[in-house]
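Peer 1:
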């Protein structure tokens, strides 16, 4: 199996219709630059610490995204490429067994060296080599080109992780530092009542055929799926509604919870979403702008799948399946409170929304009700790159739509993010759905 | 929610066409008697010990299956019923939050008291009360009748657990005791080559409508599902094939494994199915008849989902989805090496098999490739009984078809068993499937 | 080192002045018989379960004490001795690395087989062989004789463990079963005020010279030690005084506690001695006679070293050193509420006590304030028997005087029992001491 | 107890004979300056990371040593003192329950903020306040003066920790960075044969009376102790000897080990001292100057108590008691390879040594064979400062003599350092002793 050539459909091809390589070159440069811009507010110590096992230091993200290009592109496709430092493969390989041994995940925060300065030199070294590769000329549909596109998309994923991971770090710091300063804001009012949007069932097309845009292997192959009539909420669940759940004893009644969820909240002592803090009668939440009052009409964020599932049951509803969600989202424009909006937090819905279901893209990743599984006909790509998504298709849960830290060019209706049911440090919330006619 | 009356479809009704209550009364008596027969070879010490957290002592099974009738039927429907011992609810409640607090699961083996003798008296007390309930007369479609049927089915599940759990105990005992004696047997020959059976895709009916037979809530509602063309093996994977996997380095190459699976086999040091022991060049396996040579043509058993999944990938195949499996099984008779066959181990396929796919029922539970999730339109039943299946619908995996310790009247094509991916103590193996035309 | 002959002083010799072997033979038979008598109230299930890692099933004690004679005496000194079952060495070796591999300690409760019946046959097999050995004649000062004496003393230690371990099991059982029935008792009155007894310091003789009685290696060599003037309480701390400690917030103020102790009570949620249960305003304690009201004037029992140390600090005192304790005890008769008294619980002091310090022997083992260390000049005995005491001389704490389950012929002023600071399942309490003139 | 005034003997007084406060002022300034000098080679990321739970980031040491002065001196004795930042008490309190809640110890490495820059400002703020306190005038024997001296001594302890902790961090870094560069060195030759020095037993004076120098509370009160005739090695155990132990199978034979030690080396997979790495036939060791060949004649370092104890038993010897060690050391000059020597590693013995026992002070801390316990008549000081040493007097082990990172003015014959038996990250080795005439 290890010698099987990487199939054309392993990772979806770059945009169809001959995307000029110069355009890609510019996109890549802009992407790399944005990564640095996201790290800019942080000092070297902030960038070196690891808050929790599943988060990583900013510096590690900066290096790992460079190692990805070095390991999967430059060493294979740039003749005469010289490794910046042979020890970096050990330091900055994330989880690719096929790429050799690596720094244990919980100990990324021990890598005080290489220093930030040296990691920045690593980034420049890799970028200079990528320039040489571009200068040599790349065939649009070649494997090198597809891996470069993958590297760009990969870096966009780590942009979001830089923000979620630094928030986890600052939330664990007794000083509750802010990633960026912000003036106090007038609180928004209560949310508008939720409206239900009905959809007929039937055979739908799910996933990406990847002819005219990038898609990850886990979005393929495009295939038929059968859905049943359902209704979906026109917006995510809000902080105000979550407070109702808390005040109604939602965290104290096992009838709402999955077995694993009930065990988890008992063991961890959870009584609210991550980063919420009660100060007397007031609930605050730790954000990238420091400790802030809750915004009632903004989507709730930093809840686990367990909590999302329990909330939905309490509300007499359920989470949408990922196929339902995708069916709805296929009809909506890819727009919303995404990274480019620079709010860096979920916002109440915009006033002048024209579509049907609001806030599908941006604000918060939305937990879905199924499981993260391969699509019918899916094949694990060959080689180490095949570990990118496939080996995690077990006991994880799909999130859809992107959050406030997701780059706009990175998200689409078929995009599948995935997490363990217990995880809360990403920007994840939920949207309700329910059956029709049962 | 807690006061919503239990819906008619919560647990499927007893057999349609007025199953005479007397017939049910006889079935129940026979079921209860078989439970005792299964425990008969064991001494009081064997019945009191708990091998692992997920297994239970035989004595606990004997008591818990009685508590189930007492708690869910007798206290509600038999006027004047007197609890045998009020402390037993704490001792023998398994996981029903709605039924109060309980003995911690890992400490069931500490219940040296109540003694076996007293538990047997408990069984008789409950059975006498059930007789009184029958004498009072029961309406065929009443909730009491349905809960009685559920109690019977529940007891059948624990019959299988008595055997898997005692095997776990004896496998952990350095004396490797046998549950029952058996003479040496001539080893069977190698397995016949596997044949693939093709199935066209399309819309299929999945699940039970429960009009003419019992079904658990997790098999409902019956619904349409879409499957794609596939092929399925005509028999389960055998011990001989598993040995090839081992000898080909299957446990040593991360390319075959899910991330969680690779972590698990590293941490646990797994190099073969549970209960296999190498003695020089010979592989033995611990069975209910003690330590025995492997039977090459018999289905492999006591493998985790992780191992089943890795084996399938190594073999260039995959696990069937539960919908594929059910579609195939709907066309086959419910027959095979089940509990009544009294082999108590997987056997090579029978010579004179007339159907298409052999050994679908019996021999080994077969891991499927999806996830244990609610069916479209599923609703969690009200009250504590709603905890029976529903709260486990997260991060578990479905097994189909029953094993050599499953009662024949208990299994059917729509039956969904479920386990965590790491678990190996049940009688679980696998059957391969693969895509067509991709 | 392994071949060095066992030195004469390894384990102290049997009683001086030619203790007739017939006397020893009778003592051994009586000891073995008492072990069985202690187990007599228990059923086979009670005897098979293991409450906690440091406790063992009664059945295991019955077998291990027989294995001890078999492994250390019979296989070496009885020509033609036939092992009862070669697998038993694995099952019933406790911790002797030099005697081969063994059943993991936390899994002694999984040994449902061998059955109690077979263990009883094992005992008889060993006893018959010992008879043959006696018939062959034994030299009084021979190694065989000394190991027989060691085996007898070892069995006495396990007599006490049978009782402490079964109490741990029954205390973990929600039915709170009693080891033996007992009628209700009138509660004793409050304790008499504690009196202090003064002792001058100086050079004292500590340990055993073992010329005229048995002693363990850890009591040797007899040596000089220097003690400073001190006072010691005339009786142990009582339940009534412990209640004062609780009511004064003793478990809530870190100023009284060692660092490890404070961590332990926080982690474990300890707020009282082991087995205490509050029922409204009343404190009960689980005993070998079931759940009973506290006896105010009886010594407190089932406290850890951490708690004993914290209580002493709260009381403005300290624990006695083991040398202080031994100096006091050398002057007192070996008498008290020991196993032969058959109270099986600590009692208020006897009325008619003639000595100085009461209850030094019996009632409760008394934590001392030092550490369990080798005496000056101590040498680890050669061979596996050298593991008996020596390898535990690290981070454990000495207890003195014996408790209500200690055989009278087993205890003496120089006797050193030892436990980890956190352990509470033995019958351990404390006596206060304090400095003089500082 | 909490209101009892701090006794004069709680912490020993500053040097007798009226040490001019100006001298103290200069010592304090020099001490504070040296702390900074030790941190100077490190970048901000190196100073922020925490290698293991028992180590701390350099930055944390810099802040904690300032908080110590702020909390115990300035807030009590400097009128109008303004806290630098009220949140710092939470961040930089180490373990003083009496001083309030604190950052969990394993999470000191998450304190990316306050930044190094701000911590340096904190240091200056505290130092300026100390200057004002000096300007106000201090009575030599006052509590403020004594606490200042304690703060100075405390800071010296953290100087050593800065070095041991940064070595732990760099040893866990795959780049194996060096704290400071150093040229390759010619390897020293093999060690000279060990010589034994004999001492008669008798009553000795142990501990400090603290009349003319500082001493910690745990060195008091000065008291008589009884020791027995013994011999002690004239130098510590060397790397060459430790290699013999390894090659003789020392890590593989349980007969040499304490029970806890054997469990630990099995669980941790230890086969050599911490930081040793085998490269083919060559052993290297990670040092403050990076990965270096072992120096045969230099003292072995980074061994646990378990290993030291096992080595001594293998060698037919034992560890010295702390009283034996102190008796020997009382007769030797306080000189050696200490921090001021700036070798920052153990060295072979100097050629021109004039005393009896070489390398008692400096090179490596020496494990002793007893337990860390209070001296007779010891009283825990009142208030939070009483937590400094006293609450750790349980299940720890005393080390004597100081290592290569110990300031010379900080060490003395009566000095008691203490660690858990398993700990290896400090600069700890051992010296052999043995009984005479037994």
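Protein chains in written order, with the numbering used here: chain R, 122 to 559; chain F, 122 to 559; chain Z, 122 to 559; chain E, 122 to 559. Even for Gly, the Cβ is constructed at its ideal location relative to N, Cα and C. Keep in mind it's a predicted model, so treat the numbers as computed, not measured.
Does DSSP classify residue 400/F as helix, strand or coil?
Peer 2: Strand at residue 400/F.
Peer 1: I want to see whether chain Z comes within less than 8 Å of residue 540/E, judged by CB atoms only; does it?
Peer 2: no
Peer 1: Looking at the secondary structure, which residues open and close the alpha helix (DSSP H) in which residue 146/R lies?
Peer 2: 142 to 160 is the span of the alpha helix (DSSP H), which, as asked, contains residue 146/R.
Peer 1: Following the continuous alpha helix (DSSP H) through residue 538/R, name the residue where it begins and the one where it ends.
Peer 2: Careful: residue 538/R lies outside any alpha helix (DSSP H), inside the beta strand (DSSP E) at 538 to 540.
Peer 1: Alpha carbon to alpha carbon, how far is residue 281/F from residue 208/E? Give it in angstroms, no decimals.
Peer 2: 60 Å
Peer 1: Short of 6 Å in beta carbon distance, which residues of its chain neighbour residue 544/F, apart from the five on each side in sequence? Order them along the chain.
Peer 2: none
Peer 1: Let's test the definition: count the other Cβ atoms within 10 Å of the Cβ of residue 549/Z and tell me whether it reaches 16, buried, or not, exposed.
Peer 2: buried
Peer 1: Any heavy atom of the ligand ZN within a distance shorter than 7 Å of the CB on residue 219/R?
Peer 2: Absent from the structure shown: the ligand ZN. Ligands present: none.
Peer 1: Mind pulling the chain Z residues with CB within less than 8 Å of residue 457/F?
Peer 2: Within 8 Å Cβ-Cβ: nothing; residue 457/F doesn't reach chain Z, min ~31 Å.
Peer 1: Using 8 Å as the threshold, is the region 342 to 353 of chain E in touch with the region 434 to 449 of chain E, meaning 3 or more CB pairs across them?
Peer 2: Counting Cβ pairs under 8 Å, three or more are found: they touch.
Peer 1: For residue 547/Z, I'd like the list of residues in its chain whose CB is within less than 7 Å of its CB, leaving aside the five on either flank, ordered along the chain.
Peer 2: 285, 486, 540
Peer 1: Judging by CA-CA distance, which residue of 381/E, 301/E, 288/E is the nearest neighbour of residue 510/Z?
Peer 2: 381/E
Peer 1: Quick one, are the C-beta atoms of residue 329/E and residue 530/E less than 8 Å apart?
Peer 2: no
Peer 1: Kindly give me the distance between the Cβ atoms of residue 555/Z and residue 438/Z, rounded to whole angstroms, as I take these residues to be in contact under 8 Å.
Peer 2: Residue 555/Z to residue 438/Z, Cβ: 5 Å. Contact.
Peer 1: Exposed or buried, residue 257/E, counting other C-beta atoms within 10 Å across all chains shown (16 or more means buried)?
Peer 2: exposed
Peer 1: Find out if the Cβ-Cβ distance for the pair residue 359/E, residue 418/E is shorter than 8 Å.
Peer 2: yes
Peer 1: Tell me whether residue 482/R sits in a helix, a strand or coil according to DSSP, three-state version.
Peer 2: Residue 482/R falls in the strand class under three-state DSSP.
Peer 1: Quick one: what's got a C-beta closer than 6 Å to residue 345/R's C-beta in the same chain, skipping five residues either side?
Peer 2: The beta carbon of residue 345/R sits closer than 6 Å to the beta carbons of 324 from its chain, once the five residues preceding and following it are set aside; these are given in chain order.
Peer 1: Indicate whether at least one CB of chain E lies closer than 8 Å to the CB of residue 513/Z.
Peer 2: yes
Peer 1: Do residue 377/F and residue 317/F have their C-beta atoms closer together than 8 Å?
Peer 2: no
Peer 1: According to DSSP, is residue 266/E part of a helix, a strand, or is it coil?
Peer 2: helix
Peer 1: Just checking my contact of residue 420/F with residue 357/F at CB under 8 Å: how many whole Å lie between their CB atoms?
Peer 2: 4 Å
Peer 1: Note down, in chain order, every chain F residue with its Cβ under 8 Å from the Cβ of residue 379/R.
Peer 2: 512, 513, 514, 515
Peer 1: Under 8 Å, do residue 353/E and residue 503/E count as touching if we go by C-beta distance?
Peer 2: no
Peer 1: Is residue 355/Z closer than 8 Å to residue 315/Z when the C-beta atoms are compared?
Peer 2: yes
Peer 1: Who are the neighbours of residue 294/R on chain E, taking C-beta pairs under 8 Å?
Peer 2: 231, 232, 233, 234
Peer 1: Output the residue ranges of the alpha helix (DSSP H) runs that lie fully inside the region 153 to 235 of chain F and measure 4 residues or longer, sorted by chain position.
Peer 2: 179 to 190, 209 to 213
Peer 1: Taking Cβ-Cβ distances shorter than 8 Å, what residues in chain R pair up with residue 218/F?
Peer 2: 375, 376, 383
Peer 1: Following the continuous alpha helix (DSSP H) through residue 409/E, name the residue where it begins and the one where it ends.
Peer 2: Element bounds for residue 409/E: n/a, residue is neither H nor E.
Peer 1: On the three-state DSSP scale, how would you describe residue 435/F?
Peer 2: helix
Peer 1: Examine chain R for any beta-carbon lying closer than 8 Å to the beta-carbon of residue 210/F, and answer yes or no.
Peer 2: no
Peer 1: If we ignore side chains and look at the alpha-carbon of each, how far apart do residue 215/Z and residue 222/Z end up?
Peer 2: The alpha-carbon separation between residue 215/Z and residue 222/Z amounts to approximately 10 Å.
Peer 1: Could you tell me if residue 551/R is buried or exposed, where buried requires 16 or more neighbouring beta carbons within 10 angstroms of its beta carbon?
Peer 2: buried
Peer 1: With distances taken from CA atoms, which of 518/E, 313/E, 305/E, 166/E is nearest residue 489/E?
Peer 2: 518/E
Peer 1: Looking only at its own chain, which residues have a Cβ that is under 8 Å from the Cβ of residue 492/Z, when we skip the five neighbours before and after it?
Peer 2: 516, 517, 518, 519
Peer 1: Return helix, strand or coil for residue 338/R, following the three-state DSSP convention.
Peer 2: helix
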